[in-house]
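> Here you go, one structure.
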Amino acid sequence: MKQYVYVYRKPEFDDESRALSQTLVSELNIAAKVQCVRGYMVEGMSDDEFALAIQRVFCEPMVELATTEHPVTKTTHLTKQLLPGQFDQKAQSAQMCLQLISDSSSITVTPLDRVEFDRSLREEEIARFLDYWINPIESRLYQSSVMVEPALRTHQVHVIDGFCDMTEPILADFLNQRQMAMKLDDLKLIQHYFQQEKRQPSETELLVLDTYWSDHCRHTTFNTHLSSVELTSGPLQKVIQENFELYRSMRKQANRLHKSYSLMDMATISAKIYADPRIEISDEVNACSFESDVIVDGVRERWLIQFKNETHNHPTEIEPFGGASTCIGGCIRDPLSGRAYVYQALRISGCGDVHQSIQETLADKLPQKMIAKRATEGNSSYGNQIGVATTYISEIYHPSYQAKHFELGAVVGAVKKENIQRSSPVAGDVIVVLGGKTGRDGIGGAIGSSKVHTSDSLVECAAQVQKGNAPEQRQIQRLFLLPEVSRMIKKSNDFGAGGVSVAIGELADGLDIDLSALPLKYDGLTPSEIAISESQERMAVVLDPKDVHRFLTLAKSEQIEATVVAKVTDTHRLIMRYDGVEYVNLDRDFIDSAGATYKQAVICNSTVNTRKEGTKELDEAAICDHVSSLNQALNPGLIEHFDASIGATTLLFLLGGKTLSTPALASVQRVYVKDQRSSTATILASGFIPELSEEHAFISGQGSVLVSIAKAMAVGGRIRDMFFSFQEYFPALRDDPIKWGNVVNTMLGANSILHAFSRPAIGGKDSMSGSFKTLDVLDTFVSFACCTTYENRVKSNELKEAGNYLYLIKTERTLNGDFDLTETVKHFEWLEQIMDDQAIVSVGVVERSLLTTLISMAAGNRLGISIDTTLDLYRSYPASFIIESTKPLDSPYAILLGQVEKKNMIFCGVEVSGERVFDAYTQGMKFLYPKHKEKQLEIYDYLGVDKKPVNYPLVAKKEVCMVIPVFYGTNCESDTALAFKEANAQVATVILHTNPQPSLKNH
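Residue numbers (the numbering used here): 11 to 1013.
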């Protein structure tokens, strides 16, 4: 029997209804008010149990009202639900809670979202609202008559009859009809392979190869052979030619002359030349990894520090919440597969014109405001739930990101070196899959993210975007944190792009996989779907057979489902079976060939796009207008979505100063050590300036790396300890030699900086699908610098005290616009030498304008500044430093700008109101991300409880025992336990199981 409950928020607490009503008027031109209602359809409970569940599970009586009556209204009302097959966290949470009430094991919950208008809308108003309210990728209008489970499908091997005999035109038609990501030459190679095998391929084999060889999984674009590299004439021709010759000489030094030129070769050459012995060399390359000493409770230990960056641009563009949440989720799983515990994260995003009205949204696109907000909610929701502190946030606004949103996450994790093994699998080893179940969500994600976004993407890609389940992944993190577990694992891989075919397929050369053994979310999945499903929160590990039982037992203790699904063989083939029937049987060498070899001619443009900027007045109105504009204003409403306190490792908060108005330059946190404290910090700093990309790709590559170095230095890092990873996000290159040349120029620019400082890039991620029809994203190249430092070296960037001196350490550029590396190295090395001087109390780095940087540093403690300089304050001086010193600096590198004042704000003799300037700076983005308003609860004395408070006398006890329950979905239990242990309490952590239901009775 179906039972319904509808929950209404009490008016004084109903922020959601007020916000949507405002959107109706201001954005959709619909003069109406709306009431948001949460609904739940429940099956499998008795009437008495359901009545109890309404008050205990579905409704918070203090702030909500609930009814089981179907709402009856003569005005317009609409109800939506998630598409079948999508993970629904509301449903899962509700079902877990209902197991505490009912003995039934067949309870199902379907959450509904309902809106009730205060009048009847016209048909065109309803259509306009539905276009805004429903994203067809994730939801649909609710109709009880069509609530059906995914259909059961027959399991049989679908052989592609006649494939080996197809002519080239027929193969081309076959490729297009099946919308495969590979190219015709790849398909011809597959045809030749199966001709040699003397059999026709199965449909599953083609899907596996299409996934395995996708640009996302095998970096096809970056591995393309560059057949020729031509330079056009222009101001940068000489420096580009010099750095191309440098690259060629590095190839010779690294004995790589036998390899063709490629973007991948350019990206990895520095790691060969500047091979720091601290770099971990391993077959497991899911994350950058280097060794470092970590001081734990005063004792020096050897640890592995792992960091990783990743984008989810394609999925976030079409389903912002799910795409952004799985971006950070997938990023976390990469170091996790290396057995590192991830405790540190940052997020960078790129949006189009967020001032654009909803009516101005391009056809087949979501509104830019919606993408920005929902992506922020998705990324922050996942990080906050899993318990990873996000300690650096940046959102870039540029018109080109209307082509496709930019969603970038980066994380840092660590593991004690003695707690891991790196072993090669041998025949007889066992593959165990643990974590979430497999569903239809995520199918084709690797293929889809490798394609250009088209007008059909919103319809065709519904299955490619998943909803993240952070609590499930939190449990895997807890499990891998156990030394006994991490030492058992020979090798591990996460279920990212490609699903079983890649996650398990990469673990060993010979594998026999039982697809029917994988736990499923629901019945009806075909073997092909199981093979390439990208359902999240799953890991695969290689174990010695003798360790399997113990591993499964430990997984069960953490409430994780773990299943043996495959064995390592000596066949050198990837075999997949379902119920004993063979669906895939492919030679490992053929799989690893990654498809056909492609060649591309390249033209490197040498002309600089000089930006012409008009002269601005230096008065109060102009200054306020400048610091409140996009890319200049502070974004506190965005930042407050993210929890930077989780784990108690944060050293630099997201916003600094007593008013929390100076954004941190980088992510800086102590290395996480369970039940202990470390005094070693990890720094993760990023660099990318869109204006430099507009000038020239070579300059952008230089600037990104320099800014990441500068920011890491400013917060306390040393250049000699820095390791780099790059994120490339470019338009679809197709066969355009100029676009290919832009990427080459970028890599040459980045390598010029690595060469200048003799440091290696040890990782990276490329995405070459930033196009929509005729629109292209800006060439986007983000550099990440990661290093360790002592916590007492960490510096923040908010100004500290009136009377201190302000200096600019300017990073010089040549007349052609590229960076003067001879002078730059001198400036950076000089600054590094004085960073330990107690007189240096804060350091800022110029990314935006010089004016904004100064005001940003002053805003945190609401201090004034007096600046007297001939420099253009509205200009940016990328990678330059602003130094606050308690004493004068005697150096030709330090340009005196002025001093810190108590309140006065003076720029080149023009005095302005500091209060107005700070208000402009901190309020400029509230139209998009309004700050949360603190609410007073004074009208609710004791929140409705009529009992008077009771005071109990304090009785000191020598022994106190703390019991910390760990529920599904909670975090911070480890840092809470440590805090009590340091207060001499005895602490017991108890995991409360919610699945299967009988285990609840044991607590």
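For every residue, glycine included, the Cβ atom is placed at its ideal position computed from N, Cα and C.
Quick caveat: nothing in here was measured; it's all calculated off a predicted structure.
1) Report the start-end ranges of each beta strand (DSSP E) in the segment 859 to 931 that is 3 residues or longer and not cut off at the edges.
2) Leaving aside the five residues before and after Asn-752 along the sequence, list all residues of the same chain whose C-beta is less than 6 Å from its C-beta, in chain order.
3) Look at the alpha carbon of Val-82 and the alpha carbon of Gly-478, and state the distance between them as a whole number of angstroms.
4) Using CA atoms only, rank isn't needed, just tell me which of Lys-426, Ile-40, Ile-649 and Lys-958 is closest to Arg-129.
5) When you compare each of Met-176, Cys-341, Asn-826 and Gln-316 to Val-618 by their alpha carbons, which one comes out closest?
6) Whose C-beta lies closer than 7 Å to the C-beta of Ser-710 among residues of the same chain, with five residues either side of it excluded?
7) From the DSSP output, in three-state form, read off Gly-333 for me.
8) Please report the straight-line C-alpha distance between Cys-797 and Gly-727, rounded to a whole angstrom.
9) Beta-carbon within less than 7 Å of Glu-252's beta-carbon, same chain only, minus the 5 sequence neighbours each way: which residues are those?
10) Between the C-alpha atoms of Tyr-402 and Ser-806, what's the straight-line distance to the nearest angstrom?
11) If you reduce the DSSP assignment to three classes, tell me which class Glu-22 lands in.
12) Note down the Cα distance separating Gly-657 from Asp-303, rounded to an integer number of angstroms.
13) Please report the Cβ distance between Tyr-588 and His-165, rounded to the nearest whole angstrom; I am assuming they are in contact, meaning their Cβ atoms lie under 8 Å.
14) Am I right that Glu-215 and Leu-596 are in contact with their C-beta atoms under 8 Å? What's the rounded C-beta distance?
15) Within 10 angstroms of the Cβ of Phe-139, are there 16 or more other Cβ atoms? Answer buried if so, exposed if not.
16) From the DSSP output, in three-state form, read off Thr-214 for me.
17) Measure the beta-carbon distance from Lys-427 to Leu-314 and round it to whole angstroms, keeping in mind my assumption that it falls under 8 Å.
18) In chain order, which continuous runs of the beta strand (DSSP E) of length 3 or greater are located wholly inside the segment 115 to 198?
19) Using the rule of at least 16 other Cβ atoms within 10 Å of the residue's Cβ for burial, across every protein chain shown, is Phe-23 buried or exposed?
20) Taking buried to mean at least 16 other C-beta atoms within 10 Å of its own C-beta, is Val-1030 buried or exposed?
21) Determine the closest residue to Asp-599 out of Ser-496, Tyr-532, Val-976 and Ala-518, with distance taken between C-alpha atoms.
22) Please look up how many angstroms separate the CB atoms of Phe-977 and Leu-938, rounded, as I've assumed it's under 8 Å.
23) Closest by CA to Ser-390, which one among Ala-930, His-651 and Glu-53?
24) Among all the DSSP beta bridges, which residues are the ones paired with Thr-77?
25) Using three-state DSSP, classify Val-965 as helix, strand or coil.
26) Span of the beta strand (DSSP E) holding Gln-354?
27) What distance in whole Å lies between the Cβ atoms of Thr-221 and Val-512, which are believed to be in contact at a cut-off of 8 Å?
28) DSSP on Leu-938, reduced to helix/strand/coil?
29) DSSP state of Pro-555, grouped into three classes?
30) Going by DSSP, which residues form a beta bridge with Asn-595?
31) Please list, in chain order, all residues of the same chain as Ala-998 whose beta carbon is under 8 Å from its beta carbon, the five residues on each side excluded.
32) So, with DSSP's three-state summary, where would you put Thr-999?
33) Grab me the residues of Gly-397's own chain with a C-beta within less than 7 Å of its C-beta, minus the 5 sequence neighbours each way, in chain order.
34) Apart from the five residues just before and just after Met-11, which ones in its own chain have a Cβ nearer than 8 Å to its Cβ?
35) Under a three-way DSSP split, which group does Thr-1004 fall into?
36) Since Met-549 sits in a beta bridge, which residues does DSSP pair it with?
Considering the structure as presented:
1) The beta strand (DSSP E) runs of length 3 or more contained entirely in the segment 859 to 931 are, from start to end of the chain, 874 to 877, 891 to 895, 904 to 911, 915 to 917 and 920 to 922.
2) The beta carbon of Asn-752 is closer than 6 Å to those of Ala-707 and Asp-789 in its chain, skipping five residues each way along the sequence.
3) So the alpha carbons of these two residues sit roughly 35 Å apart.
4) Answer by Cα proximity: Ile-40.
5) Among Met-176, Cys-341, Asn-826 and Gln-316, the Cα nearest to that of Val-618 is on Asn-826.
6) Cβ neighbours of Ser-710 beyond the five flanking positions: Leu-702, Ser-703, Thr-756, Gly-759, Asp-789 and Phe-791.
7) Looking at Gly-333 - three-state DSSP - the assignment turns out to be helix.
8) Straight-line Cα distance between these residues: approximately 7 Å.
9) Hits under 7 Å: none found.
10) Per the coordinates, the alpha-carbon of Tyr-402 lies some 13 Å from the alpha-carbon of Ser-806.
11) In the structure shown, Glu-22 falls within a helical segment according to DSSP collapsed to helix, strand and coil.
12) Straight across, the Cα-Cα distance linking Gly-657 with Asp-303 is about 21 Å.
13) At roughly 6 Å, the Cβ-Cβ gap stays under 8 Å, so Tyr-588 and His-165 are in contact.
14) 6 Å between Cβ atoms; contact.
15) With 16 or more other Cβ atoms within 10 Å, it is buried.
16) Collapsing the DSSP output to three states places Thr-214 in a helix.
17) Yes, they are in contact, since the Cβ atoms of Lys-427 and Leu-314 sit about 6 Å apart, within 8 Å.
18) 118 to 127 and 149 to 151, all fully within the segment 115 to 198.
19) That one is exposed.
20) Only positions 11 to 1013 of the chain appear in the structure, and residue 1030 is not among them; the question remains open.
21) The candidate whose alpha carbon is nearest that of Asp-599 is Ala-518.
22) The pair is not a contact, with the Cβ atoms about 34 Å apart (cut-off 8 Å).
23) That would be His-651, whose Cα lies nearest to the Cα of Ser-390.
24) DSSP lists Tyr-16 as partners of Thr-77.
25) It is coil, neither helix nor strand.
26) For Gln-354, the enclosing beta strand (DSSP E) covers residues 351 to 361.
27) For Val-512 against Thr-221, the beta-carbon gap comes to about 7 Å, under 8 Å, which counts as contact.
28) In the structure shown, the three-state DSSP call for Leu-938 is coil.
29) Here Pro-555 sits in helix by DSSP.
30) Per DSSP, Ile-585.
31) Excluding five sequence positions before and after Ala-998, the CB atoms of its chain that fall closer than 8 Å to its own CB belong to Cys-971, Met-972, Val-973 and Ile-974, given in chain order.
32) Here Thr-999 sits in strand by DSSP.
33) Result list for Gly-397: Arg-484, Ile-656, Gly-657, Asn-981 and Cys-982, in chain order.
34) Closer than 8 Å at Cβ, skipping near neighbours: Glu-53.
35) In the structure shown, Thr-1004 sits in coil (DSSP, three-state: anything other than H, G, I, E or B).
36) Paired residue(s): Leu-444 and Asp-504.
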